[in-house]
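Enquirer: Just so you know, the protein sequences line up as chains A and B, in that order. Going by this note's numbering, the first residue of the first sequence is number 163, and it counts up by one from there. Going by this note's numbering, the first residue of the second sequence is number 163, and it counts up by one from there. Cβ atoms here follow ideal geometry from the backbone N, Cα and C, with glycine treated the same way. Quick one: structure below, then a few questions.
Protein chains: 2
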Amino acid sequence: MAERNHAGILTEKNVDEIVTLKGWVHRRRDLGELIFIDLRDQSGIVQIVFNPDYSKEALQVAETLRSEFVIQVTGKVIKRDEATINPNLPTGTIEVTVSHIEILNKSKNLPFLIHEAADVSDDLRLKYRYIDLRRTDLQDTFKKRHQITQSVRNFLNSNDFLEMETPILTKSTPEGARDYLVPSRVHPGEFYALPQSPQLFKQLLMMSGFEKYYQIARCFRDEDLRADRQPEFTQIDIETAFLSSEEIIELVEKMMQQVMKDVLDMEVTTPFPRISYHEAMERYGSDKPDTRFGMELIHVTDIVENCSFKVFSGPAKSGGKVALLNIKGNADQFTRKEIDGELTDYVKTYGAKGLAWIKIADGDLTGPIAKFFSEEEKAQLIERANAEDGDLLLFGADKAKVVYDSLGALRLKLAKDLHLIDETLFNFLWVVDWPLLEYDEEANRYVAAHHPFTSPVEDDIDQLTTDPANVRANAYDIVLNGYELGGGSVRINKRELQNKMFEVLGFTEESAREQFGFLLDALEYGAPPHGGVALGLDRIVMLLANKSNIRDTILFPKTASASDLLTDAPSEVSDTQLEELSIAKIVEEEE
Amino acid sequence: MAERNHAGILTEKNVDEIVTLKGWVHRRRDLGELIFIDLRDQSGIVQIVFNPDYSKEALQVAETLRSEFVIQVTGKVIKRDEATINPNLPTGTIEVTVSHIEILNKSKNLPFLIHEAADVSDDLRLKYRYIDLRRTDLQDTFKKRHQITQSVRNFLNSNDFLEMETPILTKSTPEGARDYLVPSRVHPGEFYALPQSPQLFKQLLMMSGFEKYYQIARCFRDEDLRADRQPEFTQIDIETAFLSSEEIIELVEKMMQQVMKDVLDMEVTTPFPRISYHEAMERYGSDKPDTRFGMELIHVTDIVENCSFKVFSGPAKSGGKVALLNIKGNADQFTRKEIDGELTDYVKTYGAKGLAWIKIADGDLTGPIAKFFSEEEKAQLIERANAEDGDLLLFGADKAKVVYDSLGALRLKLAKDLHLIDETLFNFLWVVDWPLLEYDEEANRYVAAHHPFTSPVEDDIDQLTTDPANVRANAYDIVLNGYELGGGSVRINKRELQNKMFEVLGFTEESAREQFGFLLDALEYGAPPHGGVALGLDRIVMLLANKSNIRDTILFPKTASASDLLTDAPSEVSDTQLEELSIAKIVEEEE
Chain A
163 MAERNHAGIL TEKNVDEIVT LKGWVHRRRD LGELIFIDLR DQSGIVQIVF
213 NPDYSKEALQ VAETLRSEFV IQVTGKVIKR DEATINPNLP TGTIEVTVSH
263 IEILNKSKNL PFLIHEAADV SDDLRLKYRY IDLRRTDLQD TFKKRHQITQ
313 SVRNFLNSND FLEMETPILT KSTPEGARDY LVPSRVHPGE FYALPQSPQL
363 FKQLLMMSGF EKYYQIARCF RDEDLRADRQ PEFTQIDIET AFLSSEEIIE
413 LVEKMMQQVM KDVLDMEVTT PFPRISYHEA MERYGSDKPD TRFGMELIHV
463 TDIVENCSFK VFSGPAKSGG KVALLNIKGN ADQFTRKEID GELTDYVKTY
513 GAKGLAWIKI ADGDLTGPIA KFFSEEEKAQ LIERANAEDG DLLLFGADKA
563 KVVYDSLGAL RLKLAKDLHL IDETLFNFLW VVDWPLLEYD EEANRYVAAH
613 HPFTSPVEDD IDQLTTDPAN VRANAYDIVL NGYELGGGSV RINKRELQNK
663 MFEVLGFTEE SAREQFGFLL DALEYGAPPH GGVALGLDRI VMLLANKSNI
713 RDTILFPKTA SASDLLTDAP SEVSDTQLEE LSIAKIVEEE E
Chain B
163 MAERNHAGIL TEKNVDEIVT LKGWVHRRRD LGELIFIDLR DQSGIVQIVF
213 NPDYSKEALQ VAETLRSEFV IQVTGKVIKR DEATINPNLP TGTIEVTVSH
263 IEILNKSKNL PFLIHEAADV SDDLRLKYRY IDLRRTDLQD TFKKRHQITQ
313 SVRNFLNSND FLEMETPILT KSTPEGARDY LVPSRVHPGE FYALPQSPQL
363 FKQLLMMSGF EKYYQIARCF RDEDLRADRQ PEFTQIDIET AFLSSEEIIE
413 LVEKMMQQVM KDVLDMEVTT PFPRISYHEA MERYGSDKPD TRFGMELIHV
463 TDIVENCSFK VFSGPAKSGG KVALLNIKGN ADQFTRKEID GELTDYVKTY
513 GAKGLAWIKI ADGDLTGPIA KFFSEEEKAQ LIERANAEDG DLLLFGADKA
563 KVVYDSLGAL RLKLAKDLHL IDETLFNFLW VVDWPLLEYD EEANRYVAAH
613 HPFTSPVEDD IDQLTTDPAN VRANAYDIVL NGYELGGGSV RINKRELQNK
663 MFEVLGFTEE SAREQFGFLL DALEYGAPPH GGVALGLDRI VMLLANKSNI
713 RDTILFPKTA SASDLLTDAP SEVSDTQLEE LSIAKIVEEE E
């Protein structure tokens with residue numbers, strides 16, 4: 163459209179062409195009478211040269227150029243001398259000799275240098291996000307995000323899905339995380355809520371006769387933030403009528419296969435492995451196992467049940483678990499001080515009371531607790547753990563949950579510290595056979611493990627009131643490299659079953675009606691069998707772009723206190739605005 | 163994936179095939195021993211037949227079927243007898259003889275019949291939106307919405323645009339419409355605002371080195387609603403760096419050309435006609451003219467300046483305007499009572515004091531005001547209006563704005579009433595040369611006609627402080643069939659000009675800094691020339707799907723009082739929720 167060339171894609175094929183470039187002054191180097199500028203635009207970087215032989219006027223202007231000035235130049239592409247070729251730059255064999263330059267905008271000195279942003283505080287980078295975003299690294303991440311999104315759309319479009327938009331101003335439902343609220347001006351004292359997900363609307367769409375819905379949907383949760391959480395996040399939201407969980411799982415596999423192909427040019431084989439929730443906890447101490455390495459939990463409860471080490475026999479006898487990780491061949495890597503210090507502190511954050519350990523030397527157990535085991539117990543432990551000289555065994559002994567959590571986390575930490583993970587792998591995994599319900603000690607009732615609309619497995623429906631803890635959900639989570647990418651389920655589509663579910667969750671008929679009356683009604687007017695899935699787009703981008711923080715995948719992220727340091731949101735608003743909304747601030751002093 | 167056939171696409175090619183269908187009971191007819199069901203799924207409708215010869219069991223189940231039951235059937239496709247062919251149904255030459263049926267879900271009697279929904283109150287239809295959405299008409303609209311969205315994406319993707327997501331939780335800025343606010347829990351007394359558009363973020367993206375941005379963006383305005391407004395709406399949001407307004411206009415033309423081709427299989431020629439804002443007002447009395455018919459405003463201020471009819475000569479002499487519409491050949495269609503009654507009332511809603519009229523008969527003016535004109539004036543009026551026997555001339559005489567508004571609206575009304583509009587036409591039009599500023603009588607200051615970041619036309623910059631009323635904006639609106647589809651502009655990219663603009667708008671340095679400090683800063687760090695456009699997706703869908711109301715283009719729309727009758731949003735929330743947000747409701751009684 164424009165008669166404009168792009169810096170990053172010029173090659174020797176363009177030699178002798180007259181080109182017009184628009185972009186930023188990335189770097190300037192003066193060499194005698196000559197000025198060399200690395201000119202950067204979205205496509206990349208090319209070296210442009212100001213030389214009095216080409217244009218004295220252009221050189222004069224070039225002398226005023228500083229970093230991040232925006233310029234337009236016209237010049238000729240020439241081949242560089244052999245000696246000045248830059249092998250690190252795709253355009254490194256050519257340069258552009260400038261005959262004309264125009265300064266489109268100037269720039270003050272930057273608060274930080276773009277190519278040295280890594281050394282700058284996060285807060286400063288967020289305040290000047292528009293400068294930070296100029297980094298090649300972030301530019302690439304958001305190009306990748308675009309590719310992932312379009313790949314998903316293309317796949318779903320070609321599978322007859324319709325992209326549909328559900329409301330952002332919706333109804334608050336206490337089940338789930340904390341809602342963001344929006345006061346209504348027209349209805350004083352009433353509030354909208356921002357959706358935590360389009361869950362109910364996508365189910366209503368199936369009841370509306372649409373059979374294949376998707377949306378790249380913005381979702382909101384007003385929770386305290388961690389490294390991989392943001393107040394607003396994006397999910398690939400899918401719902402289908404008439405499909406079984408097998409068919410939905412197959413669909414997601416094919417979709418992720420396409421994304422991996424389109425974005426990373428990587429072939430992923432399907433079907434993805436599946437593991438039950440129970441097996442995942444037993445083997446990996448995690449409901450989202452990283453299967454790129456082994457070092458699985460080894461259960462020894464039966465072996466140590468009668469040993470003289472009370473720390474083990476106690477839990478083993480009282481329904482708890484004793485398990486170990488065998489850190490193969492790494493006994494020398496850890497001093498007693500490190501194990502009793504750093505590693506013990508680490509597992510304590512997951513509720514463990516301590517970290518018992520044994521090293522293997524001369525075919526025998528060594529270390530402070532070795533003496534507690536009989537020869538037979540020792541032999542059994544060595545055999546079960548497949549232990550050899552130089553191995554370090556780290557133990558968890560407690561209630562099952564504590565053993566899972568602490569050894570599961572320790573397994574990940576040690577794999578990272580010891581570089582046991584092949585970072586080139588992308589290990590997809592389905593976790594299935596989830597419990598439908600979890601007992602909430604605090605609330606003293608069962609809560610939905612996923613959400614209250616998840617269907618139980620057909621065979622388990624009868625146990626819903628008699629043995630709720632053991633009812634399995636018709637649900638599936640997809641895991642990639644130890645991160646939960648998302649999950650889904652077949653939903654309840656019959657009124658009676660949904661009633662029973664609300665009953666088990668401790669809803670009264672009135673409270674269920676008040677919050678979900680419209681859904682209960684809709685179930686009575688020909689609701690088809692339906693189910694779906696939601697995948698975290700931000701997390702997919704994080705993993706495919708090889709980032710460690712969800713924040714790097716969001717253009718304008720918020721800080722841990724949910725602030726936007728760039729625009730200074732949230733901020734105070736006028737009294738008039740609050741009056742119109744019939745609300746008042748409760749100021750601390752007035753309490 | 164599933165071994166399932168789709169009802170609406172079965173044809174004679176499928177004869178003798180065994181098919182499995184899943185869908186809804188659309189209609190049931192009993193004929194002696196036989197039961198005929200129209201089975202509906204998303205793809206359409208097919209007739210299925212229950213006959214004791216095929217399966218007695220299936221027939222027994224069929225006897226229990228009622229409207230909107232969800233069923234799964236297996237049967238054989240057969241050709242219908244010549245006599246029973248239904249030419250109104252794409253599948254009308256075949257039917258399916260059912261050998262097996264399963265009821266997947268039942269349905270109570272519906273609150274209204276799907277194929278008779280037109281007779282039902284809007285409120286009832288919105289409360290049971292999931293039933294209303296099953297109508298073919300609405301199903302088609304949302305398929306079309308999907309097609310339009312994908313067509314736009316495909317076009318922009320192939321033009322190197324990146325789809326990018328900007329925040330929904332953002333900062334409140336008083337300029338513009340009223341914001342929806344979101345109280346912050348972490349920062350008591352502070353609020354986020356939902357974006358009225360991603361305007362500032364998309365400009366910041368250009369300053370971040372991204373050169374081609376787009377987003378199908380949700381936007382929010384807390385304003386009183388009209389037929390073509392919703393609290394949340396969707397815009398196709400585009401921004402580019404380094405492109406001129408000509409290039410942006412060309413881009414949008416090509417995009418709409420592609421959409422018309424993809425969605426309606428219609429060829430639209432480019433470039434679209436352009437008209438200046440001033441000419442649009444003069445010729446059509448509207449800044450978004452419907453050019454599918456003529457009946458333009460005819461200006462006669464000069465002719466009537468000295469006539470003896472004070473209603474005309476008054477405004478004509480004091481800087482106002484006198485103009486007329488010639489309703490060609492339709493004098494007989496309107497009685498004096500109708501003109502003085504209905505039509506006069508109509509123009510009064512646009513500020514006119516009355517509606518003077520003249521009919522042409524025997525080559526002369528007739529009617530009560532004819533006597534006020536000299537022979538010369540009569541002859542001039544007839545010539546200017548190109549008036550012939552049987553024409554009706556309807557006059558506006560007032561300040562320019564009132565004449566434009568009342569005759570512009572009357573022109574549209576009469577064209578509709580008299581069926582002068584060719585409904586098959588899609589007339590695109592650019593309105594350009596907009597004024598940059600408008601004088602706000604109430605606020606007693608200039609306000610931005612578009613928004614405060616719109617660049618003035620280069621040549622007019624010097625007049626910004628000396629003659630602000632006559633400064634033209636580097637802005638363009640795109641109009642389709644009398645509806646504003648959207649608009650855009652080249653933005654200000656220099657700090658000094660933006661400062662001057664804020665000054666003209668009556669901002670102090672502090673107030674500009676407080677609200678837009680981050681933008682002013684960003685302009686100083688190498689902001690490239692940039693500009694863009696935003697198009698209303700809902701409105702495009704409305705026009706391309708031939709709907710008259712924006713509500714029909716939104717899956718879950720809100721009422722005129724911004725309520726969602728389906729989920730009952732907004733609604734009351736718990737005191738705990740409000741306490742956590744440090745806000746309180748101000749109840750009427752307490753005031």
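(1) So if DSSP puts Asn167 of chain B in a beta bridge, which residue, or which two residues, is it bridged to?
(2) State the Cα-Cα distance for the pair Gln377 of chain B and Asp424 of chain A, rounded to the nearest angstrom.
(3) Measure the CB-CB distance between Asp200 of chain B and His188 of chain B and report whether it falls below 8 angstroms.
(4) Here's a check: name, in chain order, each residue in its chain whose Cβ is nearer than 8 angstroms to the Cβ of Lys656 of chain A, leaving out the five neighbours to either side.
(5) Counting only Cβ-Cβ distances shorter than 7 angstroms, please list the residues of the region 316-335 of chain B near chain A, keeping chain order.
(6) So the candidates are A:Lys499, A:Ile460, A:Ala493, A:Asp507; which of them puts its Cα closest to the Cα of Leu486 of chain A?
(7) Rounded to a whole number of angstroms, what is the C-alpha to C-alpha distance between Ile654 of chain A and Thr226 of chain B?
(8) Can you find a CB in chain A that lies within less than 8 angstroms of the CB of Asp726 of chain B?
(9) What does Phe304 of chain A pair with, by DSSP beta-bridge criteria?
(10) Taking the beta carbon of Gln365 of chain B as the centre, do at least 16 other beta carbons fall within 10 Å, making it buried, or is it exposed?
(11) Once the 5 residues before and after Asn248 of chain A are set aside, which same chain residues still bring their CB inside 7 angstroms of it?
(12) Using three-state DSSP, classify Gly570 of chain A as helix, strand or coil.
(13) Is the Cβ of Trp186 of chain B closer than 8 angstroms to any Cβ of chain A?
(14) Curious, which full-length beta strand (DSSP E) runs of at least 3 residues does the region 554-624 of chain A contain?
(15) Cβ closer than 8 angstroms: which chain A residues qualify as neighbours of Leu201 of chain B?
(16) Counting only runs of 4+ residues fully inside the region 280-349 of chain B, write out the alpha helix (DSSP H) ranges in chain order.
(17) Checking the sheet assignment: what are the DSSP bridge partners for Tyr645 of chain A?
(18) Relative to the C-alpha of Gly679 of chain B, which candidate in B:Tyr375, B:Leu362, B:Tyr446, B:Ala731 has its C-alpha closest?
(19) Going by the DSSP bridge assignment, what does Ile460 of chain B pair with across the sheet?
(20) Cα separation between Lys175 of chain A and Leu251 of chain A?
(21) Could you give the residue range of the beta strand (DSSP E) that holds Val239 of chain A?
(22) So the candidates are B:Phe474, B:Gln677, B:Leu699; which of them puts its Cα closest to the Cα of Pro336 of chain B?
(23) In chain B, which residues lie less than 7 angstroms from Asn103 of chain A when you measure between Cβ atoms?
(24) Quick one, are the C-beta atoms of His613 of chain A and Gly206 of chain A less than 8 angstroms apart?
(25) Within the same chain, show all residues whose beta-carbon is closer than 6 angstroms to that of Val509 of chain B, passing over the 5 residues directly before and after it, in chain order.
(26) Rounded to whole angstroms, what's the CA-CA distance from Phe471 of chain A to Arg445 of chain A? Just pull it up for me.
(27) Where do the ends of the alpha helix (DSSP H) carrying Gly679 of chain B lie?
(28) For Asp399 of chain B, which option in B:Arg713, B:Leu699, B:Thr715 has the closest C-alpha, if you only look at C-alpha atoms?
(29) Determine the extent of the beta strand (DSSP E) in which Lys540 of chain B is found, giving its start and end residues.
(30) Go ahead and pull the three-state DSSP assignment for Arg228 of chain A.
(31) By Cβ distance, which residues of its chain are closer than 7 angstroms to Ile702 of chain A, with the 5 residues on each side in sequence left out?
(32) Kindly list, in the order they appear in chain B, the residues whose Cβ is closer than 7 angstroms to that of Tyr292 of chain A.
(33) Who does Tyr376 of chain A pair with in a DSSP beta bridge?
(34) Alpha helix (DSSP H) containing Phe703 of chain A: first to last residue?
(35) Taking DSSP as the reference, what is the three-state secondary structure of Ile501 of chain A?
(36) In angstroms, rounded to a whole number, what distance separates the CA positions of Ser334 of chain B and Pro345 of chain B?
Expert: Well, looking at it:
(1) Residue pairing from DSSP places Asn167 of chain B in a beta bridge opposite B:Leu183.
(2) In this structure, the CA atom of Gln377 of chain B is about 21 angstroms from the CA atom of Asp424 of chain A.
(3) Using a Cβ distance threshold of 8 angstroms, Asp200 of chain B and His188 of chain B count as a contacting pair.
(4) Once the five neighbours on either side are set aside, the close Cβ partners of Lys656 of chain A are Leu685, Ala689.
(5) Residues Asn319, Leu324, Glu325, Met326, Glu327, Thr328, Pro329, Ile330, Leu331, Thr332, Lys333, Ser334.
(6) Comparing Cα-Cα distances from Leu486 of chain A to each of A:Lys499, A:Ile460, A:Ala493, A:Asp507, the minimum goes to A:Ile460.
(7) The straight-line gap from Cα to Cα measures roughly 23 angstroms.
(8) Interface residue, yes.
(9) Bridge partners of Phe304 of chain A: none, in fact.
(10) In this structure Gln365 of chain B is buried. Its beta-carbon is surrounded by 16 or more other beta-carbon atoms within 10 angstroms.
(11) Closer than 7 angstroms at the Cβ level, and outside the excluded window around Asn248 of chain A, lie Gly254.
(12) Under the three-state reduction of DSSP, Gly570 of chain A is assigned to helix.
(13) Output row for Trp186 of chain B: interface = yes.
(14) Segments of the beta strand (DSSP E) lying fully in the region 554-624 of chain A: 554-560, 590-594, 599-602, 607-610.
(15) Neighbours of Leu201 of chain B in chain A, taken as residues at a C-beta separation under 8 angstroms, are lacking, since the least C-beta distance is about 12 angstroms.
(16) Along the length of the region 280-349 of chain B, whole alpha helix (DSSP H) runs at least 4 residues long occupy 284-289, 291-294, 298-320, reported in chain order.
(17) Tyr645 of chain A pairs with A:Leu642.
(18) Selection B:Tyr375, B:Leu362, B:Tyr446, B:Ala731 evaluated against Gly679 of chain B yields B:Leu362 as nearest (Cα-Cα).
(19) Looking at the DSSP output, Ile460 of chain B sits in a beta bridge with B:Leu486.
(20) So the alpha carbons of these two residues sit roughly 16 angstroms apart.
(21) Looking at the DSSP string, the run of the beta strand (DSSP E) that includes Val239 of chain A is 232-241.
(22) Nearest option by C-alpha distance: B:Gln677.
(23) Because residue 103 of chain A is not part of the residues shown, which for chain A are 163 to 753, the question remains open.
(24) No. Outside cutoff.
(25) Residues of the same chain with a CB within less than 6 angstroms of the CB of Val509 of chain B, apart from the 5 flanking positions on each side, are Leu517, Ser568, Leu572 in chain order.
(26) Straight through space, the alpha carbons of Arg445 of chain A and Phe471 of chain A are spaced by roughly 24 angstroms.
(27) Counting along the chain, the alpha helix (DSSP H) containing Gly679 of chain B begins and ends at 671-684.
(28) Of the listed residues, the one whose Cα sits closest to Asp399 of chain B is B:Leu699.
(29) Segment 537-546 is the alpha helix (DSSP H) holding Lys540 of chain B; no beta strand (DSSP E) there.
(30) Collapsing the DSSP output to three states places Arg228 of chain A in coil.
(31) These residues qualify, in order along the chain: Ile310, Leu647.
(32) Those are Leu366, Met369, Ser370, Ala684, listed as they occur along chain B.
(33) Beta-bridge annotation (DSSP): Tyr376 of chain A is paired with A:Glu325, A:Ile400.
(34) The residue asked about is misnamed: residue 703 of chain A is Val in this sequence, not Phe. For Val703 of chain A, the enclosing alpha helix (DSSP H) begins and ends at 699-706.
(35) The DSSP-derived three-state label of Ile501 of chain A is helix.
(36) Whole-angstrom Cα-Cα distance: 11 angstroms.
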